[in-house]
Structure formats: structure tokens, C-alpha cells
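Below: one structure, written as C-alpha cells.
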Amino acid sequence: MKTLIKNFIALSLLAALTLFLSGCKEMGAGITFSHDLHRGEAECAQCHPGNEGSMRTTMEPCKECHDIDEANPSEECLMCHLIGKDKGYAVNAAKPASYADVTFDHEVHEDADCKDCHGEVSTSKALSAAFLPTMQTCQKCHNGDDAPAGCTTCHSEIKQGEKPKSHTALWAKSHDMSDESSCGYCHEGADPCMSCHRTTKPSTHTAGWKLRGHGLEATLDSDGCSECHVATYCSDCHANATRNHRPLNGWIANGHGIEGSLDSDGCFVCHTSMESSCRGCHTAGF
Numbered sequence: 002m003k004t005l006i007k008n009f010i011a012l013s014l015l016a017a018l019t020l021f022l023s024g025c026k027e028m029g030a031g032i033t034f035s036h037d038l039h040r041g042e043a044e045c046a047q048c049h050p051g052n053e054g055s056m057r058t059t060m061e062p063c064k065e066c067h068d069i070d071e072a073n074p075s076e077e078c079l080m081c082h083l084i085g086k087d088k089g090y091a092v093n094a095a096k097p098a099s100y101a102d103v104t105f106d107h108e109v110h111e112d113a114d115c116k117d118c119h120g121e122v123s124t125s126k127a128l129s130a131a132f133l134p135t136m137q138t139c140q141k142c143h144n145g146d147d148a149p150a151g152c153t154t155c156h157s158e159i160k161q162g163e164k165p166k167s168h169t170a171l172w173a174k175s176h177d178m179s180d181e182s183s184c185g186y187c188h189e190g191a192d193p194c195m196s197c198h199r200t201t202k203p204s205t206h207t208a209g210w211k212l213r214g215h216g217l218e219a220t221l222d223s224d225g226c227s228e229c230h231v232a233t234y235c236s237d238c239h240a241n242a243t244r245n246h247r248p249l250n251g252w253i254a255n256g257h258g259i260e261g262s263l264d265s266d267g268c269f270v271c272h273t274s275m276e277s278s279c280r281g282c283h284t285a286g287f
């Protein structure tokens, strides 16, 4: 029984050590550090001075409290350094790979508290990427209202394999042009919108759109039509009489006057002016 307990304790300690070091491995820093151990002894700004760039610390602030002789390093260096003397106690100052494209300036965010972005890092016992802010952390403020939500605000490049949080199942129907400048980072081409909108019809284009809806819409927003339809698109159909103009003799005699009085703007979508289209017959006026 005692052997079983000893084995359990040994395995537990090994698991704890593995977990402890995994945070450092994830950060790739080559050092271990307990913020919790230094809590109450040092302020954040003592180790992270200034407010520009990433504010990653160096060994200089450590020297204020620790007796460090860089010329003659001792075994005590391994209290913080995971890489020994044979490899020069190397420290990797590079960003974690998943944050390589992220640009961030602490000076712009100086009104925020450290824990707003880094959570309970002050109580952490090891370095870990878990205390780096996620995109969801940033989006609490960068929502388009409180702070800019454009991708280039934080990213130097856009990873096309990762969809933004906004791109839900309903995004294709609900998106708008609120941040058009960011669309092109993933949606390539001179006009990224048209890669979809030339093949996917707008919701207004129902089965009855051609006969009953498009004329009024074209009258109100002809520029919107031209986003997809070329200049000759209307004349391809309207070179011939429209359906309500048939039979033409009946339309001229009985229909066009009523239609014209109700929607003269609709007439001038095709008939360019009253002078050229109406005066030819109505020489004496209406």
C-alpha cells in the first residue's frame, strides 16, 4: 500500500513538473518565472518599464534585486533559466508563433489595466501563453463602437484559414459594408464583393422580380444595378416591348396613359424624356 502511495505521489509530482514546464515551452522563452512569488515585492512597471511596443522585460530589472554576475554565471542562474551554461543560458525573445502577425502598442492602451488583457497573470506561478490576450479578449473593446474592429488594426497579415468571429452561419446574409477595407485581405480581387454577388443573387431577386420588382428598384437605385449588370443589360430585354406593353396597340390606346400618370419615373427608365417620347403623339398636350 505504501509503495502504491509513493508511486502516486511521484507520478503526481512528475505531472505537475511537466505542466509547469509546458507553459514555458509554449512561450518558448527558455526561462521560468513566478509572478505570484514577486507579487507585493515589485510593481508591474518595475519589470515592464515604459509603455511602448510589447514591453517584454530584459534581465536589467532583475539586477535591481538579484545579485547577477553575467561574466561568471553560477548554478543559481538555473533558478530562472531553463537552458544551462553549456548553451549560454539562452533566452528566446521571439513572439510565440501564433502571435507572429499581431502588432500591439501598449502606449495606445495605457488607460487599460494589465489584467484587462492578461487576466490573473499576477498570481501565475509559471510563464504561459494562457495569459496572452486572445482575439476574443481584444474584441471586448475592438467591436467597431468602442475601438476600431478592422483586421489591420492588430494584424500585419491575415491568415485566410481562420475565419473572424463575426463570420457566423448567417454572415453571408447579414454582412454589410461597415468594414469594406478589411474584406480584401481574404476575399481577393479588384472587387471582392463581386466574387459572390455576381453568382449569388440578392434576396430581392425572387421569382417575380423580373416582372414586378426590378423596374421600381432600377428607378430608385440604378447605381446598385450596375454593380452586377453591365450598361447594356437593360437594353438586351427592353429593346423589345415589355410584357405590359403587349399587345402594343392595346397598350398605346388604353394602358400607357394610366401607367404613366401613376409612375412616370418608371417610364423614363427606358423613355429618355417627355419631349422625345410623348410629344411625338401628344402634339396638342395631355
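Numbers 2 to 287, taken from the numbering used here, label the letters of the sequence shown in order.
Idealized CB from N, CA, C, for every residue including glycine.
Since this is a predicted model, take the numbers as computed values, not measurements.
Practice prompt. Tell me whether the beta-carbon of Gly120 lies closer than 8 Å to the beta-carbon of Phe105.
Written response: Within the sequence shown, numbered from 1, the residue matching residue 120 stands at position 119. Within the sequence shown, numbered from 1, the residue matching residue 105 stands at position 104. No. Outside cutoff.
Discussion item. Tell me the residue span of the alpha helix (DSSP H) that contains Gly225.
Written reply: Within the sequence shown, numbered from 1, the residue matching residue 225 stands at position 224. Where Gly225 is concerned, the enclosing alpha helix (DSSP H) stretches over Ser223 to Ser227.
Worksheet item: Given that a residue counts as buried once 16 or more other Cβ atoms are within 10 Å of its Cβ, and exposed if not, what is Cys238?
Response: For the purposes of this step, residue 238 is identified with residue 237 of the sequence shown, where counting begins at 1. Cys238 comes out exposed.
Worksheet item: Using DSSP with H/G/I as helix, E/B as strand and the rest coil, what is Val122?
Response: Working through the sequence shown from its first residue, we reach residue 122 at position 121. DSSP places Val122 in helix when its eight states are reduced to three.
Practice prompt. Assign Ser262 to buried or exposed, taking buried as 16 or more other Cβ atoms, counted over all protein chains shown, within 10 Å of its Cβ.
Written response: Here residue 262 refers to the residue found at position 261 of the sequence shown. Exposed: under 16 other Cβ atoms inside 10 Å.
Item to complete: Kindly list the residues whose CB is nearer than 7 Å to the CB of His283, restricted to its own chain and excluding five residues on each side of it in sequence; keep chain order.
Response: Locating residue 283 in the sequence shown gives position 282, where the first residue counts as 1. Contacts found: none.
Item to complete: Run the CB neighbour count on His36, radius 10 Å, all protein chains shown included, and call it buried at 16 or more, exposed below.
Response: Locating residue 36 in the sequence shown gives position 35, where the first residue counts as 1. Its Cβ being crowded by 16 or more others within 10 Å, His36 is buried.
Worksheet item: Using a threshold of 7 Å, is the CB atom of Ala170 nearer than that to any non-hydrogen atom of the ligand MG?
Response: The model depicted lacks the ligand MG and carries no ligand whatsoever.
Fill in: Three-state class that DSSP yields for Arg57 in the structure shown
Position 56 of the sequence shown holds residue 57. Coil.
Worksheet item: Under three-state DSSP, which class holds Ala43?
Response: If you number the sequence shown from 1, residue 43 lands on position 42. Three-state result, Ala43: strand.
Worksheet item: Quick check: the region 96-110 against the region 146-157, are there 3 or more CB pairs under 8 Å?
Response: yes
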